[in-house]
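Undergrad:
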Amino acid sequence: MNKGINSTSRFLKFIFYSFLLPLFLIFLMASMPLIIGNSDGRVRFRFLYLLLTKDYLKGLFDGSSFIFNVGQFQWHAFKELPPYFLVTLFYAGISSLIGVAAGFPIGILRFKKLNSPSQSILTFIGSIPDFFIILLLQLTAIYFMKFTGRRLAKIAMTNELPVLLPLIAMSLYPVVYVTKQVSRAAFEISSNDYIQFARAKGITRRKTFILHLIPALLPGLAADSTKVAMLVLANVFIAENLFFIKGITHVMIHFSFQSGGGYQFDFVVTCLLYIFAIYQIINLLLRLLIRGAASARRFL
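The numbering of the sequence shown is UniProt numbering, which starts it at 1 and goes up by one.
1) Residue ranges of each alpha helix (DSSP H) run of no fewer than 4 residues wholly in the segment 18-58, ordered along the chain?
2) Can you give me the C-alpha to C-alpha distance between S120 and G262, rounded to a whole angstrom?
3) Over the uninterrupted alpha helix (DSSP H) stretch that includes N192, give me the two end residues.
4) Can you tell me where the alpha helix (DSSP H) with V269 in it begins and where it stops?
5) Within a Cβ cutoff of 6 Å, which residues of the same chain sit near A153, ignoring the five residues on either side of it in sequence?
6) Among P105, S171 and A185, which has the Cα closest to the Cα of S293?
7) Quick one: what's F68 bridged to in DSSP?
8) Examine the Cβ distances between the segment 38-57 and the segment 69-76 and report whether three or more of them are shorter than 8 Å.
9) Taking 8 Å as the line, does the beta carbon of I253 fall inside it for any heavy atom of the ligand NAP?
10) Take the Cβ of G37 as the centre, count every other Cβ of all protein chains shown within 10 Å, and call the residue buried at 16 or more, exposed below.
11) Let's test the definition: count the other Cβ atoms within 10 Å of the Cβ of Y194 and tell me whether it reaches 16, buried, or not, exposed.
12) Could you give the residue range of the alpha helix (DSSP H) that holds F90?
13) State the CB to CB distance for the pair L231 and V100, rounded to an integer number of angstroms; the pair is presumed to be in contact (CB under 8 Å).
14) Assuming L167 and I245 form a contact by the criterion Cβ under 8 Å, report the distance between their Cβ atoms to the nearest whole angstrom.
15) Checking 9 Å against the spacing of the C-beta atoms, do F181 and L221 come in under that value?
16) How big is the Cα-Cα spacing for L28 and Y56?
17) Can you give me the C-alpha to C-alpha distance between L213 and S191, rounded to a whole angstrom?
18) Is it true that the segment 273-282 meets the segment 84-92, where meeting means three or more beta-carbon pairs spaced less than 8 Å apart?
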């Protein structure tokens, strides 16, 4: 009886935190430009605009919530928006995979250097605003071409998508975050008795890592996958606009107020739902990657 109640409780918590709460936050975020207003030089909060959520839900049944005005054209949520969704998914997915795949081994290799200058460098890099990193990368590519005559990377194109610089910019912070988290966790785990006992038995450092350290690190890394996904998506908002990448966040920012009739609540909600889907897909990809790493270590 208690097991059934506990399993039901866990399921309800999963539904609430994974879907209901994010949906509420999406509607709240989409309503913010309407809720916060200026009247006689004073900030006013008009919470009645939250009722637009009810109109959006009604429009799900007659299809009106999926039709938007973009300039002189009408877009449909499932016809025009999926290509932009796929562009953002490509950049965010690759960046998150790079962040974990690169940050995890780097963190293991440098866990004994927590007090070294490299730790301060990582902290410094993590504190630099992402837009500054992007501008620095763009200037580096420009000056490299100016002095060498060779193009190092595409900066911002109208017909082709730049790949190298956006992926560097979007994956840099995940790499730094995963490296720091894994280094700290590995440092704590390495002092456990079973690790010391394995080393005392003469087991090599490599086997100790594979048999004991890595399995102990993977659950924590899986728990951090949600933070990595959110970190990547936060960078995507800046990167898509500075690199002129026509992804879902770029479209949302540029066309939210271009309907001729003011703010498009339905359009913003739909774009945020696409972004939420990207978040869930990235989270799933990272967990599959971590599970694959746990299985692959058996063959090492």
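For every residue, glycine included, the Cβ atom is placed at its ideal position computed from N, Cα and C. If you're wondering where the values come from, they're calculated on a predicted model, not measured in any experiment.
TA: In terms of the structure at hand:
1) Secondary structure remark: continuous alpha helix (DSSP H) runs of at least 4 residues inside the segment 18-58, in chain order: 21-35.
2) Cα to Cα, S120 sits roughly 47 Å from G262.
3) Neither: N192 is in no alpha helix (DSSP H) and is coded neither H nor E.
4) Segment F265 to A296, the alpha helix (DSSP H) holding V269.
5) Around A153: A141, L164 and L165.
6) The amino acid occupying residue 293 in the given sequence is Ala; Ser does not appear at that position. Per the Cα distances, P105.
7) Partner(s): W75.
8) With a cut-off of 8 Å, the segment 69-76 and the segment 38-57 do not count as touching, because too few Cβ pairs lie within range.
9) The ligand content of the structure shown is nil, which means the ligand NAP is not present either.
10) Classification for G37: exposed.
11) Y194 is exposed by the Cβ-count criterion.
12) Run containing F90: L81 to L109, per the alpha helix (DSSP H) assignment.
13) About 11 Å; that fails the 8 Å criterion.
14) About 11 Å separates the beta carbon of L167 from that of I245, a gap too long to meet the 8 Å contact definition.
15) Going by the sequence as given, residue 181 is Gln instead of Phe. Contact check for Q181 against L221 passes: the beta carbons are separated by less than 9 Å.
16) C-alpha separation (whole angstroms): 13 Å.
17) Going by the C-alpha atoms only, they are around 11 Å apart.
18) Between the segment 273-282 and the segment 84-92 there are three or more inter-stretch CB-CB distances shorter than 8 Å, so the stretches are counted as touching.
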